[in-house]
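For reference, the structure is listed below as structure tokens.
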Amino acid sequence: VLDNAIETEKMIEKYESLASDLLEWIEQTIIILNNRKFANSLVGVQQQLQAFNTYRTVEKPPKFTEKGNLEVLLFTIQSKMRANNQKVYMPREGKLISDINK
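Every number in the working numbering is 2 more than the matching position in the sequence shown, counting from 1.
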């Protein structure tokens, strides 16, 4: 029983850490994307389009996978706690999956 509680606590800490990291990346990315200035030449626009395509195909997919893994981790934590008749863990405000999806 104690081992289960310790393991669950470690999983909760991992969830909190991963959620914080992902939310920080999301916030930074939104700032970067909102602050871009569009070039006034064909070459400039093509370069910006290439940079955006790199973001969309290289940077974003691993973060999307991280979000999926985070959802699985939360489900696993909550399922274990239900199975052990413990009060089910709910992430604090700002670290919910719905906050990450915004």
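Ideal Cβ positions, reconstructed from N, Cα and C, are used throughout, including at glycine.
{"Query": "Tell me which residue opens and which closes the alpha helix (DSSP H) that residue 97 is part of.", "Result": "Unbroken run through residue 97: none, as it is neither H nor E."}
{"Query": "For residue 96 and residue 35, what's the separation of their Cα atoms in angstroms?", "Result": "21 Å"}
{"Query": "Starting from residue 83, trace the alpha helix (DSSP H) in both directions and tell me its first and last residue.", "Result": "62-85"}
{"Query": "For residue 91, which residues in the same chain have their Cβ closer than 7 Å to its Cβ, ignoring the five residues on either side in sequence?", "Result": "14, 79, 80 and 83"}
{"Query": "Flag this pair as yes or no: are the beta carbons of residue 98 and residue 17 separated by less than 8 Å?", "Result": "no"}
{"Query": "Give a yes or no on whether the C-beta atoms belonging to residue 4 and residue 102 are separated by under 8 Å.", "Result": "no"}
{"Query": "Between the Cα of residue 7 and the Cα atoms of 93, 43, 88 and 100, which residue gives the shortest distance?", "Result": "88"}
{"Query": "Would residue 52 and residue 41 qualify as a contact pair, given that the criterion is a beta-carbon distance under 8 Å?", "Result": "no"}
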